[in-house]
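This report concerns only the one structure given below.
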Amino acid sequence: MSLAIARLELRYEQDVVYARQRARRIAKLLGFEHHDQTRLGTALSEIARNAYQYGGGGTVEFFIEDQKRPQRFGITVSDQGPGIANLEALLEGHYVSPTGLGLGIIGTRRLLDDFHIASTADQGTKVTFGKPLPPTAPLVTAATLRRITEDLANAFSASPLEEIRTQNQELLAALEQLRQREEELTGVNSELMRTNDGMIALYSELEQKAVAIEKTEALLRTRNEELKGFAYTVSHDLKAPLRGIAGYAQELDRKHRGGLSDRAQFCLTQILTATRNLDHLIEDLLHFSRLDAETPSPTTVNLRDLIDTILQDRSLIIAEQSVEVTDEIPAATAWLWERGLVQVLTNLIDNALKYSRNANPPRLGIRVEELETVWRFSIQDNGIGFDMKYHDRIFGLFNRLVRVDEFEGTGAGLAIVKKVLDKQDGRIWAQSARNQGSTFFVELPKLGAPK
Amino acid sequence: MDKIPILKMGHFLLVTIQVDMHDRLAMTLQDDLTSRVVKDRAKGVLIDISSLEIVDSFIGRMLANIAAMTRTLGAESVVVGMQPAVAITIVELGMSLHNVRTALNVDKGMALLIAQLNGLAEDDGNEPNPE
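These protein sequence lines are chains A and B, in that order. Under our numbering, the first residue of the first sequence carries the number 21, and numbering increases by one thereafter. Under our numbering, the first residue of the second sequence carries the number 454, and numbering increases by one thereafter.
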């Protein structure tokens with residue numbers, strides 16, 4: 021079993037010098053006499069130079085063989101170089117390289133008692149040589165080795181060149197790392213730049229779109245204003261000629277009916293009906309555009325009173341059609357836009373009365389519920405109902421599901437209701453089926469209490 | 454890169470090697486010395502190796518080269534102060550330094566060079582061996 025003393029890498033020219041200096045020092049510490057120190061140093065100098073020059077660098081290991089006397093100081097130099105091709109001839113002394121390789125190996129063998137060399141092509145060369153410790157030298161133990169290691173550390177590690185070289189290598193490694201890091205960073209950076217370019221492009225696109233949207237919005241607002249004005253003007257201006265037509269038709273009807281043929285009388289009746297319808301239509305249109313311009317302003321509303329008033333106004337028609345009216349209204353006041361609510365309920369109740377007038381008997385149910393965040397109103401009838409597939413269409417302006425000669429009307433009612441509700445974030449929907457009656461539900465958000 | 458200093462003393466160049474030279478440093482010394490012999494028109498070179506603990510085949514060859522080159526340039530060189538252990542090792546290595554004049558110390562070496570310069574080379578056993 022051998023005890024390792026030290027190990028040294030041969031990477032630079034100066035390492036050959038370090039190796040031979042260490043060899044001498046260790047030999048001295050182990051108790052070799054001066055001549056032998058020089059022999060061992062010189063031998064290692066030769067072999068280490070070979071490893072550095074021909075083997076591309078290598079490793080030097082110092083060790084003690086055997087733990088009992090006689091002990092032997094050994095040195096191994098190994099490299100991973102191309103190996104020595106003509107080792108046999110070289111060892112026999114027939115060959116000396118132009119640079120003196122042969123002389124080194126042969127000389128070293130001559131200098132020392134034991135010398136072993138093994139070389140494999142392309143795998144490297146390993147040289148081991150050494151010398152038995154002098155008989156006078158003390159036995160080398162682990163403690164001796166510790167002392168030697170300490171001594172070597174003191175003697176050599178302080179070498180400024182060594183220090184600088186170590187630092188240099190660390191610097192080189194750090195530089196290499198930095199370079200890699202920088203490459204990575206450059207990669208990431210260029211990726212970021214590409215992403216950034218993409219972002220900028222996207223952003224400017226967004227900006228263009230935003231500008232376009234803003235323009236469109238402004239245009240739409242203008243158009244909307246124009247349309248409101250237009251609707252108002254048209255309905256208003258239409259009323260004057262219509263009044264003329266209606267006036268002359270009524271005069272004809274009242275004063276000159278006797279002089280008309282049957283056919284002319286029929287035409288006159290049609291004209292009168294049509295003017296009445298047109299008048300309603302224009303009235304509704306005016307109403308619709310006026311409502312659009314109005315801002316909801318909430319007040320305290322007594323729901324019971326409000327609904328009673330609406331029903332009171334319709335008592336004649338209710339009595340005439342013998343409608344069965346039921347209601348379920350909490351005795352509460354609500355903070356709501358009264359005009360809007362009246363508008364909504366009036367329209368829905370009128371519709372219910374209209375479309376259920378052929379039922380026997382017609383029924384009208386009114387119910388008000390106070391929910392957590394909304395007031396819910398439901399108006400139920402047992403009228404003609406409608407197919408749920410038309411549910412969304414019935415809230416469009418002038419959309420009607422029935423013919424005017426069946427049930428009169430302009431188709432503006434539910435559109436007005438919808439508009440009123442939209443203005444105060446309300447909601448409307450219906451539940452119905454053909455000939456099964458309809459229930460309209462309205463929800464109005466509870467507004468903050470008055471201050 | 455460090456260098457071994459070369460001193461001029463009259464007709465002679467004086468080199469004292471005080472560090473353990475790595476191979477490149479030895480080669481530099483060889484080149485420097487040859488240039489200086491020409492530049493300073495030196496008649497002799499004295500190399501003091503008393504501080505060298507190890508002279509291996511490479512440094513031995515360098516010493517032999519210096520001797521041969523300076524002689525070619527008309528200057529004798531003398532190596533002085535070789536330690537006994539170094540001498541033993543050189544012989545055991547099988548190196549022949551027979552072209553290299555040697556002297557025991559600097560004084561003897563200087564004397565040798567001066568004698569050489571005066572054409573009165575003494576036969577003190579340090580004569581180069583005849584080929």
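In this text, a Cβ means the ideal position worked out from N, Cα and C, and glycines have one as well.
Grab the span of the alpha helix (DSSP H) containing G78(A) for me, first residue to last. Within the first sequence, the letter at position 58 stands for residue 78(A). First-last for G78(A): G78 to E85, but that is the beta strand (DSSP E), not the alpha helix (DSSP H).
Around the C-beta of H411(A), are 16 or more other C-beta atoms found within 10 angstroms, so that it is buried, or is it exposed? The residue you call residue 411(A) lines up with position 391 of the first sequence. Looking at its Cβ environment, which holds fewer than 16 other Cβ atoms inside 10 Å, H411(A) is exposed.
Hey, how far is the Cα of P458(B) from the Cα of M474(B)? Counting from 1 along the second sequence, the entry for residue 458(B) is found at position 5. Counting from 1 along the second sequence, the entry for residue 474(B) is found at position 21. Computed Cα separation, rounded: 13 Å.
Scan the segment 541-558 of chain B for residues whose Cβ lies nearer than 8 Å to a Cβ of chain A and list them as they occur along the chain. I541, T542, E545, L546, G547 and M548
Just checking: is the beta-carbon of E190(A) within a distance shorter than 7 Å of some beta-carbon in chain B? Within the first sequence, residue 190(A) is the residue found at index 170, counting from 1. Not one chain B Cβ lies under 7 Å of E190(A).
In chain order, what residues of the segment 490-521 of chain B put their CB closer than 8 Å to some CB of chain A? E506, I507, V508, D509, S510, F511 and R514
Would you say T542(B) and V490(B) are within 7 Å of each other, going by their C-beta atoms? As a working note, residue 542(B) is residue 89 in the second sequence. As a working note, residue 490(B) is residue 37 in the second sequence. Cβ atoms of T542(B) and V490(B): not closer than 7 Å.
Tell me which residues share the same chain as F465(B) and place their Cβ nearer than 8 Å to its Cβ, disregarding the 5 neighbours each side in the sequence. Counting from 1 along the second sequence, the entry for residue 465(B) is found at position 12. Around F465(B): A495, K496, G497, V498, L499, M563 and L566.
Anything in the segment 67-93 of chain A with a Cβ closer than 7 Å to a Cβ of chain B? List those residues in chain order, please. R69
By the three-class DSSP mapping on this structure, what secondary structure does S22(A) have? Residue numbering aside, residue 22(A) sits at position 2 when the first sequence is read from its first letter. Strand.
Is there a Cβ of chain A sitting closer than 7 Å to that of A479(B), yes or no? To locate residue 479(B), count along the second sequence from 1; it is residue 26. No, its Cβ sits nowhere closer than 7 Å to a Cβ of chain A.
Out of L570(B), L478(B) and S530(B), state which residue places its alpha-carbon closest to the alpha-carbon of V553(B). As a position in the second sequence, residue 553(B) is number 100, starting the count at 1. Answer by Cα proximity: S530(B).
Throw me the rounded Cβ distance for the Q363(A) and I448(A) pair, which I believe falls under 8 Å. Start at 1 with the first residue of the first sequence, and residue 363(A) comes out as number 343. Start at 1 with the first residue of the first sequence, and residue 448(A) comes out as number 428. With a Cβ gap of about 12 Å, Q363(A) and I448(A) do not count as contacting.
Going by C-alpha distance, which of I265(A), I337(A), S65(A) and A109(A) is nearest N297(A)? One-based indexing of the first sequence puts residue 297(A) at position 277. With distances taken between Cα atoms, N297(A) lies closest to I265(A).
Checking contacts by CB at 7 Å: is D473(B) closer than that to chain A? One-based indexing of the second sequence puts residue 473(B) at position 20. Yes, D473(B) lies at the interface with chain A (some Cβ there is under 7 Å from its Cβ).
Cα-Cα separation between I84(A) and V36(A), rounded to whole angstroms: Here the question's residue 84(A) lines up with position 64 in the first sequence. Here the question's residue 36(A) lines up with position 16 in the first sequence. Spanning the two alpha carbons is a distance of roughly 21 Å.
What did DSSP end up calling I337(A) once you bin it into helix, strand or coil? Translated into positions along the first sequence, residue 337(A) becomes position 317. Reduced to three states, the DSSP call for I337(A) is helix.
Where does M462(B) fall in DSSP's three states? Here residue 462(B) refers to the residue found at position 9 when the second sequence is read from its first residue. In this structure, DSSP gives M462(B) an extended state, which the three-state scheme calls strand.
How big is the Cα-Cα spacing for R92(A) and K151(A)? Here residue 92(A) is taken as the residue at index 72 of the first sequence, counted from 1. Here residue 151(A) is taken as the residue at index 131 of the first sequence, counted from 1. Spanning the two alpha carbons is a distance of roughly 6 Å.
Out of curiosity, what's the CA-to-CA distance linking K374(A) and E392(A)? For the purposes of this step, residue 374(A) is taken as residue 354 along the first sequence, with counting starting at 1. For the purposes of this step, residue 392(A) is taken as residue 372 along the first sequence, with counting starting at 1. So the alpha carbons of these two residues sit roughly 33 Å apart.
If you draw a straight line from the alpha carbon of Q456(A) to that of D407(A), how long is it in whole angstroms? Working through the first sequence from its first residue, we reach residue 456(A) at position 436. Working through the first sequence from its first residue, we reach residue 407(A) at position 387. Whole-angstrom Cα-Cα distance: 10 Å.
Is there a C-beta anywhere in chain B that falls below 7 Å from the one on E504(A)? Residue numbering for chain A in the displayed model covers 21 to 471; residue 504(A) lies beyond these limits and cannot be assessed.
Relative to the C-alpha of Q483(B), which residue among G513(B), S503(B) and V544(B) is closest? As a first step, residue 483(B) is located in the second sequence; it is residue number 30 there, counting from the start. For the residues G513(B), S503(B) and V544(B), the minimum Cα distance to Q483(B) belongs to G513(B).
Coil, strand or helix - A354(A) by DSSP: Taking the first sequence and counting its residues from 1, the one referred to as residue 354(A) is at position 334. Residue state, collapsed to three classes: strand.
Whole beta strand (DSSP E) runs in the segment 388-415 of chain A with 3 or more residues, listed along the chain? 394-401
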